[in-house]
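Written below as structure tokens is the structure these notes are about.
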Amino acid sequence: MDLAFMQMIYHSSLIMVRITGLFMLVPFYGSRVIPKRIRIGLALLLTVVLRNVVSNNNLELPANILYLSFDILTEVSIGLILGFIVLLLFTSIQLAGQFMDMRMGFALANVMDPQNGNPSALTGQFKNILATLLFLVINGHHYLLRALHKSFKIIPLTKLRFSEVLLEEMLKIIGELFPVAFKIALPVMAVLFLTDIAFGLVARAVPQINIFVVGLPTKILVGMLLLSVSIPIYISLMKGLFKDVFMDLNNIINILGN
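Read in full-length UniProt numbering, the sequence shown has 130 at position 130, and its numbers run on one by one without any break.
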């Protein structure tokens, strides 16, 4: 078989592997709601587009299957690292939903998440859908594709460099998981906590009232009202968080390239 043709196939395959690694973790691209044919077709389309702009200079065919496996693993790792940065934010949203559900009395009322097929918090699913819609409205998917393109320009194929700086940056980003979740859930949790205190005072003042019967539907009503009222605040907060995610993506790409 022609050597140039083999190099073209190898070059295109590495590009597609990195794209696939990214799509595996990004919530909406890797969602089970999107048929596999569409996801594979999108990955192939991006591969065809990027193949013409991604340099294949100094890219040699692997000598054996071991080197080929290592090159594929390298490209998958790069895609997974980039996708993991985006996934963390949506994981924080799900975690915030679990915090709020515990305060509202929805802890056992999990629903099936259509994106990954796993049960998830009811409130977290609602906020996750809002976040996904907002991500698309602000053209976050366009920025994600630009970040993918930049990764091919900054990080040459098969050239993944792990460093102490990368580890520190990843730990910093992972460390923001719980603070972000608390930031999202704090308004609802704070008001529901005050509601619990109020019911406690009522129970002491009027012992005849069955607080468990009255309290649960009241907390659900208060929680739903707070979710409705706080949507503008949530949207404003998410815009800032998405901006932070884009900056983290840019930093990680630069670190991997250096």
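Ideal Cβ placement from N, Cα and C applies to all residues, glycine included.
query, result
"Residues in the same chain with beta-carbon distance under 7 Å from V191, minus the five sequence neighbours each way, listed in chain order, please.", "V222 and L226"
"How would you label E168, buried or exposed, when you count the other beta carbons within 10 angstroms and need 16 or more for buried?", "exposed"
"Please report how far the alpha carbon of I38 lies from the alpha carbon of L44, in whole angstroms.", "10 Å"
"Just the Cα atoms here: how many angstroms apart are L68 and S77?", "14 Å"
"For I93, I'd like the list of residues in its chain whose CB is within less than 7 Å of its CB, leaving aside the five on either flank, ordered along the chain.", "G124, K127, N128, A131 and I184"
"Between the beta-carbon of F135 and the beta-carbon of H141, is there less than 8 Å?", "yes"
"Check whether chain B comes within 8 Å of I81, counting only Cβ atoms and requiring the distance to be less than that.", "No chain B is present in this structure, which holds just one protein chain."
"Where does K243 fall in DSSP's three states?", "helix"
"Does the structure place the stretch 9-21 close enough to the stretch 79-88 that three or more beta carbon pairs sit under 8 Å?", "yes"
"Suppose only complete runs of 4+ residues qualify. What are the alpha helix (DSSP H) ranges in the stretch 178-247, listed by chain order?", "211-229"
"Do the CB positions of F199 and I211 come within less than 8 Å of each other?", "yes"
"Contact between the stretch 146-162 and the stretch 43-62: three or more CB pairs below 8 Å?", "yes"
"From L100 to N250, what does the alpha carbon distance come to, in whole angstroms?", "The displayed chain sequence assigns Met, not Leu, to residue 100. Distance between the alpha carbons of M100 and N250: 32 Å."
"Does the separation of the CB atoms of N254 and I154 fall below 8 Å?", "yes"
"So the alpha helix (DSSP H) R51 belongs to, where does it begin and stop?", "K36 to R51"
"Residues in the same chain with beta-carbon distance under 6 Å from G215, minus the five sequence neighbours each way, listed in chain order, please.", "F199"
"Please say whether L177 and L237 have beta carbons closer to each other than 8 Å?", "no"
"Express the C-alpha separation of I252 and I235 in angstroms, rounding to a whole number.", "26 Å"
"Grab the span of the alpha helix (DSSP H) containing residue 320 for me, first residue to last.", "There is no way to answer for residue 320, as the model of the chain reaches only from 1 to 258."
"Below 8 Å CB to CB, which residues in the same chain sit around V202 once its five sequence neighbours on both sides are set aside?", "I209 and I211"
"Exposed or buried, P232, counting other C-beta atoms within 10 Å across all chains shown (16 or more means buried)?", "exposed"
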